[in-house]
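Basically my numbering = 1-based index in the sequence shown + 1. Using N, Cα and C, we set each Cβ at its ideal position, and we do this for glycine too. All figures in this text were calculated on a predicted structure; none of them were measured in a lab.
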Amino acid sequence: MPTRNDHDRLDDRKAAILRSVVTGYVETAQPVGSSQVARDPVIEVSPATVRADMAALEREGYLTHPHTSAGRIPTDKGYRFFVDHLGNPPPLARAEHEQVQAFFSKAHGELERVLQDTSRLLAQLTDCAGVVVSPAYQALVVRSALIARLSTHTAMAVVVLSNGLVEKRTVSVRDDVPDSVLSSASTALQQRLSGSSLGLIPAGPPSGDAEVDELVRICLDALADGWASGGDDQVFVGGAAYMAERFDAIDKVRAVLGILEQSYVVVTLLRDVLAHGQSVSIGSEHSGIESLAECSLVVAPYESDGIALGTIGVLGPTRMDYQHALAAVAVVGERLTRELRRG
Numbered sequence: 002m003p004t005r006n007d008h009d010r011l012d013d014r015k016a017a018i019l020r021s022v023v024t025g026y027v028e029t030a031q032p033v034g035s036s037q038v039a040r041d042p043v044i045e046v047s048p049a050t051v052r053a054d055m056a057a058l059e060r061e062g063y064l065t066h067p068h069t070s071a072g073r074i075p076t077d078k079g080y081r082f083f084v085d086h087l088g089n090p091p092p093l094a095r096a097e098h099e100q101v102q103a104f105f106s107k108a109h110g111e112l113e114r115v116l117q118d119t120s121r122l123l124a125q126l127t128d129c130a131g132v133v134v135s136p137a138y139q140a141l142v143v144r145s146a147l148i149a150r151l152s153t154h155t156a157m158a159v160v161v162l163s164n165g166l167v168e169k170r171t172v173s174v175r176d177d178v179p180d181s182v183l184s185s186a187s188t189a190l191q192q193r194l195s196g197s198s199l200g201l202i203p204a205g206p207p208s209g210d211a212e213v214d215e216l217v218r219i220c221l222d223a224l225a226d227g228w229a230s231g232g233d234d235q236v237f238v239g240g241a242a243y244m245a246e247r248f249d250a251i252d253k254v255r256a257v258l259g260i261l262e263q264s265y266v267v268v269t270l271l272r273d274v275l276a277h278g279q280s281v282s283i284g285s286e287h288s289g290i291e292s293l294a295e296c297s298l299v300v301a302p303y304e305s306d307g308i309a310l311g312t313i314g315v316l317g318p319t320r321m322d323y324q325h326a327l328a329a330v331a332v333v334g335e336r337l338t339r340e341l342r343r344g
């Protein structure tokens with residue numbers, strides 16, 4: 002992906018003209034002409050000077066000239082400059098903030114349901130496809146653990162995770178194991194697991210009681226079997242129908258929707274953006290995926306207990322309202338983090 006230094010060579014006037022072209026094209030979906038740019042109060046030069054600068058921006062790869070139109074539209078390089086120089090996005094409108102607050106005030110229940118509904122919320126806020134990647138299983142943190150007797154020869158190990166899920170495993174115990182051993186083993190399991198991620202459970206010192214240590218080992222083995230098979234990351238997509246409204250060519254819509262159905266590709270895309278230290282990926286920057294050449298992706302992580310768990314984002318055309326999309330993703334990501342922290 003391009004770095005910010007690749008695009009810092011524009012003087013202030015050309016940068017202002019480029020921003021005016023981008024915002025004009027995002028608003029109207031029509032090529033932007035020099036007379037339209039010259040009416041921008043920030044641009045204090047004549048239409049002739051604007052035409053000259055727009056021609057220079059086209060030669061430098063920031064703008065392109067579609068067909069025989071007198072106007073120009075941004076290239077991926079032009080959008081990249083625009084995004085890299087946005088600064089802090091403006092806040093969401095009051096009605097949108099209230100929409101987010103109302104959603105999360107009712108967002109309770111199973112994590113999968115909350116994440117699916119969150120993807121729909123993102124779509125409603127941005128008119129793009131909302132995408133939410135479930136927490137990476139091995140990154141989840143244990144909040145609490147205990148062992149409870151079920152019958153004379155069975156017990157249950159119970160673990161509460163940082164995403165609010167509860168893991169339960171039934172284990173066999175000897176009929177003559179006293180309640181005091183179960184209680185001590187429960188305390189030892191809590192001390193061993195609390196605050197640890199599933200991918201890195203520390204080895205604990207022996208308790209000095211062989212029966213306690215054996216019961217803790219049995220419970221850990223039972224739990225670990227389930228964690229090891231926790232499965233791939235789930236991808237929740239909401240508002241895919243919005244994509245059909247943003248592209249004229251049905252083949253393009255089908256291609257984009259086909260990508261959204263490939264969970265591994267979506268997860269890789271979102272993680273690649275964050276791995277490059279960015280929050281936006283534009284057109285040709287999508288790891289060479291031709292089907293997304295006319296799309297942009299805006300992403301943000303969400304976390305719990307200070308640990309990044311998953312990713313949220315929106316996928317839309319390169320001609321998207323980047324400021325609004327960044328603000329929406331940031332607000333929803335922060336609220337989702339708060340909900341997971343509360344469990």
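* To do: Starting from the C-beta of S1, find all residues in its chain whose C-beta is less than 8 angstroms away, skip the five residues before and the five after it, and write them out in chain order.
  => Outside the modelled stretch of the chain, which goes from 2 to 344, sits residue 1, for which no answer is possible.
* Please report the Cβ distance between R364 and P32, rounded to the nearest whole angstrom; I am assuming they are in contact, meaning their Cβ atoms lie under 8 angstroms. => No information on residue 364 is available, as it lies outside the stretch 2 to 344 that the chain covers here.
* Opening and closing residue of the beta strand (DSSP E) in which S47 lies -> First-last for S47: undefined, no H or E at that position.
* Since D85 contacts Y243 with CB under 8 angstroms, what's their CB separation in whole angstroms? -> The pair is not a contact, with the Cβ atoms about 26 angstroms apart (cut-off 8 angstroms).
* Quick one: residues in its chain with C-beta nearer than 7 angstroms to the C-beta of A17, no 5 flanking neighbours on either side, listed in chain order? => Beyond the five residues adjoining it in sequence on each side, A17 comes within less than 7 angstroms, by CB distance, of V43, I44 in the same chain, given in chain order.
* Do the stretch 141–158 and the stretch 262–270 touch if we need at least three Cβ pairs shorter than 8 angstroms? -> The stretch 141–158, when compared against the stretch 262–270, does not touch it at the 8 angstroms Cβ threshold.
* Pull up the distance between the alpha-carbon of R336 and that of P92, whole angstroms please. => Roughly 14 angstroms separates the two Cα atoms.
* Pick helix, strand or coil for S70, following the three-state DSSP scheme. => When secondary structure is reduced to three states using DSSP, S70 falls in the coil class, being assigned neither helix nor strand.
* Where does C296 sit, in a helix, a strand or coil, going by DSSP? -> C296 falls in the strand class under three-state DSSP.
* Reduced DSSP secondary structure (H/G/I, E/B, other) of I290 -> Reduced to three states, the DSSP call for I290 is coil.
* Asked: Which of helix, strand or coil does DSSP assign to E97?
  -> E97: helix per DSSP, three-state reduction.
* Asked: Considering A186, what are the terminal residues of the alpha helix (DSSP H) in which it resides?
  -> Element bounds for A186: 180–194.
* Asked: Does the beta-carbon distance from P318 to R247 come in below 8 angstroms?
  -> Between P318 and R247, the CB-CB gap stays under 8 angstroms.
* **I251, enclosing alpha helix (DSSP H) - first and last residue** => Per DSSP, the continuous alpha helix (DSSP H) segment holding I251 begins and ends at 251–261.
* Alpha carbon of D12 to alpha carbon of A94, nearest angstrom -> Distance between D12 and A94, taken at the CA atoms: about 32 angstroms.
* **Cα-Cα separation, Y323 to V159** => Inter-residue distance for Y323 and V159 is about 44 angstroms (C-alpha atoms, whole angstroms).
* Would you kindly check if the distance between the Cβ of A57 and the Cβ of K15 is under 8 angstroms? => Taking 8 angstroms as the Cβ cut-off, K15 and A57 qualify as a contacting pair.
* Counting only the same chain and skipping the five closest in sequence on each side, list residues whose C-beta sits under 7 angstroms from that of S70. => Within the same chain, S70 has close Cβ partners P32.
* Taking the runs of the beta strand (DSSP E) that are 3 residues or longer, which of them lie wholly in the stretch 207–243? -> For the beta strand (DSSP E) assignment, the uninterrupted runs of no fewer than 3 residues enclosed by the stretch 207–243 are, from N- to C-terminal side, 236–239.
* To do: Sort V161, V172, L216, E304 by Cα distance to V182 and report the nearest one.
  => Comparing alpha-carbon positions, the option among V161, V172, L216, E304 lying closest to V182 turns out to be L216.
* To do: Could you spell out where the beta strand (DSSP E) holding R150 opens and where it closes?
  => That run of the beta strand (DSSP E) goes 143–150.
* Asked: How big is the Cα-Cα spacing for A103 and V132?
  -> So the alpha carbons of these two residues sit roughly 20 angstroms apart.
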